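Heads up: the protein sequence lines correspond to chains A and B, in order. If you use numbering that gives the first Met the number 0, the first sequence corresponds to residues 0 to 269, in order. If you use numbering that gives the first Met the number 0, the second sequence corresponds to residues 0 to 199, in order. We put the beta carbon where it would ideally sit given N, CA and C, even for glycine. Just so you know, these numbers come straight off a predicted model, no measurement behind them.
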Amino acid sequence: MIPVGFAYERPDTLEGALALLAEHGEDAKVLAGGHSLLPVMKLRLAAPELVIDIGRLSELRYLRVEGDELAIGAGSRHHDLETLDVVAAEAPLLAAVARTVGDPQVRHRGTLGGSLAHADPASDLPAAILATGGTIVLRGPRGERRVPITEFFTGLFSTAAEPDELVVEVRVPRTGSSGWAYEKFTRRANDWAIVGVAVVDGRVGLVNMGSTPLRASATEAALADGASTAAAAALADQGTDPPADLAGTPAYRRHLVRVLTRRALTSATR
Amino acid sequence: MKVEITVNGADTSADVEPRLLLAHYLRDVVGLKATNIGCDTTSCGACTVLLDGESVKSCTLLAAQVDGQSVTTMEGLSSEGDDLHPVPAAFRTEHGLQCGFCTPGMVMAAVGLLAENPKPTEREIREGLEGNLCRCTGYHNIVRAVIAASGQDPDTVQGAAIHQGHAEVAPAGGVQAAPGFSVSSAAHASAATSTEGNAA
Numbered sequence: 000m001i002p003v004g005f006a007y008e009r010p011d012t013l014e015g016a017l018a019l020l021a022e023h024g025e026d027a028k029v030l031a032g033g034h035s036l037l038p039v040m041k042l043r044l045a046a047p048e049l050v051i052d053i054g055r056l057s058e059l060r061y062l063r064v065e066g067d068e069l070a071i072g073a074g075s076r077h078h079d080l081e082t083l084d085v086v087a088a089e090a091p092l093l094a095a096v097a098r099t100v101g102d103p104q105v106r107h108r109g110t111l112g113g114s115l116a117h118a119d120p121a122s123d124l125p126a127a128i129l130a131t132g133g134t135i136v137l138r139g140p141r142g143e144r145r146v147p148i149t150e151f152f153t154g155l156f157s158t159a160a161e162p163d164e165l166v167v168e169v170r171v172p173r174t175g176s177s178g179w180a181y182e183k184f185t186r187r188a189n190d191w192a193i194v195g196v197a198v199v200d201g202r203v204g205l206v207n208m209g210s211t212p213l214r215a216s217a218t219e220a221a222l223a224d225g226a227s228t229a230a231a232a233a234l235a236d237q238g239t240d241p242p243a244d245l246a247g248t249p250a251y252r253r254h255l256v257r258v259l260t261r262r263a264l265t266s267a268t269r
Numbered sequence: 000m001k002v003e004i005t006v007n008g009a010d011t012s013a014d015v016e017p018r019l020l021l022a023h024y025l026r027d028v029v030g031l032k033a034t035n036i037g038c039d040t041t042s043c044g045a046c047t048v049l050l051d052g053e054s055v056k057s058c059t060l061l062a063a064q065v066d067g068q069s070v071t072t073m074e075g076l077s078s079e080g081d082d083l084h085p086v087p088a089a090f091r092t093e094h095g096l097q098c099g100f101c102t103p104g105m106v107m108a109a110v111g112l113l114a115e116n117p118k119p120t121e122r123e124i125r126e127g128l129e130g131n132l133c134r135c136t137g138y139h140n141i142v143r144a145v146i147a148a149s150g151q152d153p154d155t156v157q158g159a160a161i162h163q164g165h166a167e168v169a170p171a172g173g174v175q176a177a178p179g180f181s182v183s184s185a186a187h188a189s190a191a192t193s194t195e196g197n198a199a
């Protein structure tokens, strides 16, 4: 499978990438690891006129502890998250979730910023970042702005980022060893989650339960009110709109999310 | 556009379309045919090569993306004649292939795995090779080959992995261990019981 022809630029700096994006906007696509974009281009579901490759911008690949937060450069790869000690120490949920993405070859290329910008509701890391209650840092011609992750996902494969803005950083609270868990249910090795549940610090993020990553708000509220794990988990499908596909019906996913939430909460409080 | 890519230590260069995939650059431009294209969808791993030492799937990379970087294919592992690299040598010794289509990708993924984890457990090898499919389902000997290539004894490591608990819980909470290559103590007990039953 061969993509439709396109022009290719690999700017040396973030400023250069932003200038290209400002000039070309919706005619351009940003390539980081390329493991979401290239497959859809090969299937000709996407045919950008210009591909702007930011995958080798070292200024986007960093991890910094800043106050109460861990600042993660958007170009950090899944393999960085799963292997670097600072992630294991400060945000262990992200290390564990990153380890479940694809396979080692995919994790060597895929980036955190790319996964968030792509905003696939079946992806692992967007729901995990949603569970952390983190912040997305966007940069564009009008400067830098911060968007709470709860406002970042606006629809299927859609985010609050404007066409001329780039995800440059992801900031998550330093949770240390406080209770976390990730439950991912698949039928085949390294498949997408049929349903996934990420729990950290009493917040619950859901994978593949609607058109965006979702928080299990009813479960979180019940936990805050002192409900038992089982009672809170039984509310996990409230407010969700799970898809129907070959892997399962909406009713099946509703059942699954209640079970996985109970498992994740139990594991997180152990 | 012009790309310059170091392939197996040699400088290569060509004027290519931006949409040219690395797998096609290696096979059709450089003429190295070990790298196979299987699924063409980032799933099967047959096209795995090393990019600056890390395993990647060359069907999901543009040649343009790796301009100025260094790629290693299976041809680049071994020098001439009988001087095989330890990983393909172990695949030969342990009979780690059947039809051979997945083998170059499997070998390159294994080389990448061992670079990051020189003495992996059986479980770590199975997880480390999860991005590579063998449609002959010849995984058993492939895993033995990677154990052997790491300087460990496949017979010892395979048995030990089960009893150290690495494979005791499947992700879905189902089977106790991958079937067919080890017998748990519980299975020993039930086998003994049934033997007694037959004798009686």
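Chain-ordered neighbours of residue i on chain A, where CB pairs are closer than 7 angstroms
i: Arg18 of chain B; result: Ile1, Pro2, Gly4, Phe5
i: Met73 of chain B; result: None at all; the shortest Cβ gap to chain A is about 15 angstroms.
Proximal chain B residues relative to residue i, where beta-carbon distance stays under 7 angstroms
i: Pro38 of chain A; result: Thr40, Thr41, Thr59
i: His107 of chain A; result: Glu53, Ser54, Val55
i: His34 of chain A; result: Thr41, Thr59
Residue span of the alpha helix (DSSP H) that contains residue i, given as start and end
i: Ser216 of chain A; result: 216-223
i: Ser114 of chain A; result: 111-117
i: Ala230 of chain A; result: 228-232
i: Leu129 of chain A; result: 123-131
i: Ser69 of chain B; result: Taken as a continuous stretch (DSSP letters only), Ser69 of chain B belongs to no alpha helix (DSSP H), being part of the beta strand (DSSP E) at 69-71.
i: Arg202 of chain A; result: First-last for Arg202 of chain A: 202-206, but that is the beta strand (DSSP E), not the alpha helix (DSSP H).
i: Thr211 of chain A; result: Note, Thr211 of chain A: premise wrong, no alpha helix (DSSP H); not H, not E.
Proximal residues to residue i (C-beta, below 8 angstroms), its chain only, five neighbours per side dropped
i: Ala121 of chain A; result: Trp191, Ala192, Val206, Asn207
i: Gln163 of chain B; result: Annotation note: pLDDT 48 at Gln163 of chain B (below 50); position unreliable, coordinate value reported separately. Only Thr120 meet the Cβ criterion.
i: Thr268 of chain A; result: Gly178, Thr228
Sequence-distant residues of its chain with Cβ nearer than 6 angstroms to residue i (five each side left out)
i: Glu93 of chain B; result: Asn140, Arg143, Ala144, Ala147
i: Leu234 of chain A; result: Ala217, Thr218, Ala221
i: Pro289 of chain A; result: As displayed, chain A neither begins before 0 nor continues past 269, which places residue 289 of chain A out of reach and without an answer.
i: His77 of chain A; result: Ala97, Val100, Arg106, Gly109
i: Leu128 of chain B; result: Ala108
i: Asp52 of chain A; result: Arg9, Leu30
i: Leu165 of chain A; result: Arg138
Contacts that residue i makes with chain A (C-beta to C-beta distance below 9 angstroms)
i: Thr47 of chain B; result: Gln104
i: Ala114 of chain B; result: Neighbours of Ala114 of chain B on chain A: none; closest Cβ ~11 angstroms, over 9 angstroms.
Which of helix, strand or coil DSSP assigns to residue i
i: Asp26 of chain A; result: helix
i: Lys56 of chain B; result: strand
i: Asp67 of chain A; result: coil
i: Phe184 of chain A; result: strand
i: Leu17 of chain A; result: helix
i: Glu3 of chain B; result: strand
i: Asp244 of chain A; result: strand
i: Tyr7 of chain A; result: strand
i: Ala197 of chain A; result: strand
i: Thr136 of chain B; result: coil
i: Thr158 of chain A; result: strand
i: Phe90 of chain B; result: helix
i: Arg26 of chain B; result: helix
i: Gly75 of chain B; result: helix
First and last residue of the uninterrupted beta strand (DSSP E) at residue i
i: Thr47 of chain B; result: 47-50
i: Val85 of chain A; result: Per DSSP, Val85 of chain A belongs to no beta strand (DSSP E); it is in the alpha helix (DSSP H), 84-89.
i: Ile135 of chain A; result: 134-139
i: Gly142 of chain A; result: 142-147
i: Asp10 of chain B; result: 9-14
i: Asp52 of chain A; result: 49-52
i: Glu168 of chain A; result: 165-172
Own chain, CB closer than 7 angstroms to residue i, minus 5 neighbours either side, in chain order
i: Ile36 of chain B; result: Ala22, Ala45, Cys46, Cys58
i: Val264 of chain A; result: It is Leu, not Val, that sits at residue 264 of chain A in the sequence shown. Contacts found: Val198, Thr228, Ala231, Ala232.
i: Glu68 of chain A; result: Arg170, Val171, Pro172, Arg173
i: Leu32 of chain A; result: The displayed chain sequence assigns Gly, not Leu, to residue 32 of chain A. Taken in chain order, the residues that qualify are Gly54, Arg76, Arg108, Gly109, Thr110, Gly113.
i: Gly154 of chain A; result: Ser210, Thr211
Contact set between residue i and chain A, taken where Cβ atoms lie within less than 8 angstroms
i: Met0 of chain B; result: Tyr7
i: Ala108 of chain B; result: Pro103, Gln104
i: Ala63 of chain B; result: Tyr7, Arg9, Asp52
i: Gly44 of chain B; result: Asp102, Gln104
8 angstroms Cβ cut-off: residues of chain B touching residue i
i: Ala188 of chain A; result: Glu129
Any non-hydrogen atom of the ligand FAD within 6 angstroms of residue i CB
i: Leu92 of chain A; result: Questions concerning the ligand FAD fall outside what the structure shown contains, since it holds no ligand whatsoever.
Chain B contact residues for residue i, given Cβ-Cβ distances below 9 angstroms
i: His23 of chain A; result: Under the 9 angstroms cutoff, chain B gives no residues; its nearest Cβ is about 15 angstroms from His23 of chain A.
**Asked** Is the segment 11-27 of chain A touching the segment 27-38 of chain B in the sense that three or more CB pairs, one from each, lie closer than 8 angstroms?
**Response** no
**Prompt:** Relative to chain C, which residues along the segment 37-71 of chain A have a C-beta separation below 9 angstroms, given in chain order?
**Reply:** The structure shown contains no chain C; its protein chains are A and B.
**Asked** Between the segment 56-67 of chain B and the segment 82-101 of chain B, do three or more beta carbon pairs fall short of 8 angstroms?
**Response** no
**Message:** I'd like to know if the segment 4-12 of chain B and the segment 32-47 of chain B are in contact, where contact means that at least 3 CB-CB pairs between them fall below 8 angstroms.
**Reply:** Between the segment 4-12 of chain B and the segment 32-47 of chain B, the count of Cβ pairs shorter than 8 angstroms is below three; the stretches do not touch.
**Three CB pairs or more closer than 8 angstroms across the segment 46-57 of chain B and the segment 9-18 of chain B** = no
**Message:** With a threshold of 8 angstroms, are at least 3 pairs of Cβ atoms found where one atom belongs to the segment 47-60 of chain A and the other to the segment 134-143 of chain A?
**Reply:** no
**Message:** Quick check: the segment 122-134 of chain A against the segment 193-203 of chain A, are at least 3 beta-carbon pairs closer than 8 angstroms?
**Reply:** yes
**Asked** Between the segment 182-191 of chain A and the segment 158-171 of chain A, do at least 3 Cβ pairs fall closer than 8 angstroms?
**Response** no
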